[in-house]
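Undergrad: Here you go, one structure.
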Amino acid sequence: MYAALDRTAHAIAWLLAMLGGAILIGIIVLTCASIIGRALVPLNIGIGPIRGIYDLTEMGMAAAVFAFLPWCQYKQGHATVELASALFPRTFDILLSLLFNSAMTVVAVVGTWRLYLGMQDKLTYGETTLIAQIPVWYGFAASLVGGCGFIIVSAFCVLRYARALMRRNTLETGHV
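Under the numbering used here, the residues of the sequence shown are numbered 1398 to 1573, in order.
The following block contains the structure:
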């Protein structure tokens, strides 16, 4: 059962990271096309700058950041300070990891919930971007996909460290 959950969490995190990378590549291509188009305007050739490139970049970057969070969480890539970890037993490190992963899960849930409420607000009022007139809620919805993945992967990471703590205690005491 644990192996299936691990594969699922890994797949979600990996797919979202690949999606985030694809979004960044798309932003790069659009930005390059816009810059080249802007440079060719004096020569009266080309398409000119892409209208609303700033709007697209802003939404795309937000979606990409949220898409990368599950992979960072799965790989335990968030910043940590290990000044005194050698002084404490391994069980204490596992307990701290369990605590911090639990806190990160709370952050993921609250952040995604607030993102959802923000999306609902933008949807209700019909807010659009200034230049391209793209509905702002599109960016929120794209980011929400990564936020939901972040919750799932964070919850799995809590399970991973709870299991490690239980296995550690089983090895040390012989009891479950």
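Don't be surprised by glycine CBs; every beta carbon is placed ideally from N, CA and C.
Is the shortest distance between the beta-carbon of F1537 and the beta-carbons of chain B less than 8 Å?
TA: Here there is only one protein chain, and chain B is not present.
Undergrad: Kindly indicate the opening and closing residues of the alpha helix (DSSP H) around P1467.
TA: Residues I1450 to Y1471.
Undergrad: Can you list, in chain order, the residues of its chain whose CB lies under 8 Å from that of T1509, leaving out five sequence neighbours each side?
TA: Closer than 8 Å at Cβ, skipping near neighbours: L1541, G1544, C1545, F1547 and I1548.
Undergrad: In the DSSP assignment, find the unbroken alpha helix (DSSP H) run with V1438 in it and report its ends.
TA: Unbroken run through V1438: none, as it is neither H nor E.
Undergrad: Is the Cβ-Cβ distance between G1417 and A1464 less than 8 Å?
TA: Contact: yes.
Undergrad: Which stretch, first to last residue, makes up the alpha helix (DSSP H) that contains L1496?
TA: Start and end: R1487 to Y1522.
Undergrad: Are three or more beta carbon pairs between the region 1448-1465 and the region 1413-1430 nearer than 8 Å?
TA: The region 1448-1465 is in contact with the region 1413-1430.
Undergrad: Does the region 1490-1508 touch the region 1550-1559, meaning 3 or more C-beta pairs lie closer than 8 Å?
TA: These segments touch.
Undergrad: Applying the 10 Å Cβ sphere with the 16-neighbour rule, what's the burial state of T1570?
TA: Interpretation of T1570 is limited by its pLDDT of 47, a score under 50 that renders its predicted location unreliable; the figure taken from the coordinates is listed afterwards. Burial call: exposed.
Undergrad: Work out the CA separation of S1431 and W1411 for me, nearest whole Å.
TA: Roughly 30 Å between the two C-alpha positions.
Undergrad: Tell me P1532's beta-bridge partners as DSSP assigns them.
TA: DSSP lists T1525 as partners of P1532.
Undergrad: So W1534 and L1514 are in contact, right, with Cβ under 8 Å, and what is the actual spacing, rounded?
TA: So it is not a contact: roughly 11 Å between Cβ atoms.
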